[in-house]
Amino acid sequence: MKDKLSAKEGNQNAGARGRFSGRIGYVLAVAGSAVGLGNIWRFPYLAAKYGGGIFLLVYLILMVTFGYVLIVSETALGRMTKKSPVGAFGSFGKSAPFRFGGWINAVVPMLIVPYYSVIGGWVLKYLFEYLRGSADLLAEDGYFTEFMTSSGSVLFWFVLFSALVFFVILAGVKQGVERVSKIMMPVLVVLAIFVAVYSMTRPGAFEGVKYFLIPKFEDFSWLTVVAAMGQMFYSLSIAMGILYTYGSYIGKEVDIEKSTIQVEFFDAAIAFLAGLMIIPAVFAFSGGDMATLKAGPSLTFITLPKIFASMGVGTVVGIAFFLMFLFAALTSAISLLETSVSTLQDELHLSRPKCCLIMCAVMLVVGALSSLGYGVLDFVTVFGMAFLDFFDFLTNSVMMPLAALATCFLVIRVVGFEKIDAEIESSSAFRRKKLYHFFMRYLAPVCIAIILVSSIANVLGIISL
Ligand code: PFF
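Just so we're aligned: the sequence shown equals residues 1386 to 1850 in the numbering used here.
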C-alpha cells in the first residue's frame, strides 16, 4: 500500500494524497514548519523585552500544556479524516459553523504565505549580499530602509523566494517537502550552534547569557504571560491548517504524542539558540544597552549586520546566520503553501499543478501589495497599517485565535474526547490522556480568548505588548 502511494506521488493528481515516509520525515517537516522567522527574530526580542529568563520559563510551561494540546488535536483530526482543514471540519457536519471552522483554518496560510515570502525575500537578499562580500554595506546606516522602500528590488527577491517554495511544492510531499526538510533542518541546527557559540564567546557577552537564562521574578507581569502565549501560538504553527494537513499525510504507525514532544523540543531548542545568538551579541556590542535589545523586528536586519561587521568576521558569521535564517523561512513557507495547495486539491478536485497556479495568483496579488507597501504604495494604509503589517495583524491577531477556538469547539462539542483518544491510541498508549482532557477543556479556550482580546487591545493602543 505504502509503495503504491509513493509510486503515485510523482504525478499527484486530485485523487492521490501525499504521504510522509514515516515518523522522522514527518517530525522534521513539522519542525521545519514550526521553526521559522518567529523563532529567530521574534523570540529573542520578546524574551529581551519581557524579563529574559522569566519569559523563557513561562514560554516553556505554556508550550508543554497549551501548545501541546492544540498540536495533538489538530494532528489527530487531520489523520482521522485524511483531509485538510475544510474537509476535516466538513467530515463532522455541513452546517455554517463547520464551514466557518474549516475555511478560517484554511484561509490563514493562504494569506500568510505571500507576506511571509516577502520577508523570506529580504533574507535571501541579505544572504546574497553577504556571499558577495558586502558585509560593510549591510552595516551602513539607512541600508535596510533604503532597500525596503526600493520597490523593484523587494519585489524581485520576493518572486525569487516564492519560486523556490513553489519548486519544492510541485515536487510533492515526499520528494519535495520531506526531502528538503530532511536536508535543511540538520544543517540549520549545526549553523545555529556555530553562531550561538561564536556570539557567546565574545568579550562582554556573558552578561547577556546571564540575562537570558536567569529568571528575574521582579520582571514578571501578566504581559509576560500574554506575550509568551502569543509567541508560542505563532511559533508552533498552530491554527493555520498546517497540522491538520500534515496529520492527514501520516499513517497509524506514527506516535502522535511522541512526535509532538519532539517537534516542541526542536522548536524550543532553536528559539533558545536564537536567544543565545542574539542577546549576548547585542550585550557585547552595546555594553548591555536595553534599548538596542528591545528594538524589535529591526534587530535582525539593522542591528545584527552592524554587530557582525564590528566583530571583524562579518562575512563568515553573516553567511552562516542568514543561511540558517533562510532555511528556517523556507521550510515554514513550504508548509504554508503545501497546506493551501492541499485544501484547494481537496475542495476543487483539481490537479496539484493547477492548484499551484491558483496559489501563484494569490501570492502575486497579496505579496505584491505587501512588498510595495513600504515603497511606491506607502501612501495606502489599512487601518493605519502598511499592507504587510495589516495582513500580519489580520491573520495572527484575529483569524488564528478564531481558528483555534473552532478547533476547540470541534473537539469538545462535536468529535468528543473518546474519538480523539482512540485516534491517538491506534498507534500507541496515550500517556498524557488526563492532562490532555483537562488542558483542552479548560486551559486552551481561556488562553485563546486572552490572546484574541490582548492582541486587538494592543493594536488599538489600549495596552502595549
Ligand atoms: N511557525 C513559523 C514561524 O515561527 O515562523 C511559521 C509561521 C508562524 C508563519 C506564524 C506565519 C505566522 F504568522
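Just so you know, even glycine gets a beta-carbon here, dropped at the ideal spot from N, CA and C.
With residue 1486 and residue 1753 assumed to form a contact (beta carbons below 8 angstroms), what rounded beta-carbon distance in angstroms separates them? Not really, about 30 angstroms apart at Cβ, beyond 8 angstroms.
Buried/exposed call for residue 1514, threshold 16 Cβ in 10 Å: buried
Do you know offhand how far residue 1729's Cα is from residue 1585's? 46 angstroms
Can you tell me which of 1616, 1690, 1619 puts its alpha carbon nearest to the alpha carbon of residue 1510? 1690
Residue 1767 to residue 1780 span [Cα, whole Å]: 14 angstroms
Measure the alpha-carbon distance for residue 1711 versus residue 1426 and round it to whole angstroms. 12 angstroms
With DSSP run on the structure shown, which of helix, strand or coil describes residue 1767? strand
Please tell me whether, using a cut-off of 7 angstroms, the distance from the CB of residue 1338 to the nearest non-hydrogen atom of the ligand PFF is below it. Examination of residue 1338 is not possible in this model, given that the chain is present from 1386 through 1850 alone.
I'd like the span of the alpha helix (DSSP H) that includes residue 1496, first residue to last. 1481-1516
Does residue 1557 come out as helix, strand or coil in the three-state DSSP assignment? coil
Counted within 10 angstroms of its Cβ, other Cβ atoms place residue 1464 as buried (16 or more) or exposed: buried
By Cβ distance, which residues of its chain are closer than 7 angstroms to residue 1844, with the 5 residues on each side in sequence left out? 1778, 1782
Tell me the start and end of each unbroken alpha helix (DSSP H) in the stretch 1746-1829 that is at least 4 residues and wholly inside, in chain order. 1772-1777, 1785-1794, 1802-1810, 1818-1823
Using a threshold of 7 angstroms, is the CB atom of residue 1787 nearer than that to any non-hydrogen atom of the ligand PFF? no
Quick check: the Cα distance between residue 1832 and residue 1598, rounded to an integer number of angstroms? 25 angstroms
Can you pull the DSSP bridge partners for residue 1600? 1437
Proximity of residue 1772 and residue 1760 at Cβ, strictly below 8 angstroms: no
What is the DSSP secondary structure of residue 1468, reduced to helix, strand or coil? coil
Mind the definition here: the stretch 1664-1680 touches the stretch 1586-1595 only if three or more C-beta pairs lie below 8 angstroms; say whether that holds. yes
Determine the closest residue to residue 1522 out of 1686, 1498, 1838, with distance taken between C-alpha atoms. 1686
Quick one: measure Cβ to Cβ for residue 1429 and residue 1664, integer angstroms, because I've assumed they're closer than 8 angstroms. 6 angstroms
Taking DSSP as the reference, what is the three-state secondary structure of residue 1703? helix
Mapping DSSP to helix, strand and coil, what is residue 1744? helix
Taking the CB atoms as reference points, tell me whether residue 1457 and residue 1809 lie closer together than 8 angstroms. yes
Could you check if residue 1388 is buried or exposed, using at least 16 other CB atoms within 10 Å of its CB as the buried criterion? Caution is warranted here: a pLDDT of 39 is assigned to residue 1388, below 50, making its placement in the model unreliable, and no coordinate value can be reported.
Here's the rule: buried if 16 or more other CB atoms are within 10 angstroms of the residue's CB, otherwise exposed. What is residue 1724? buried
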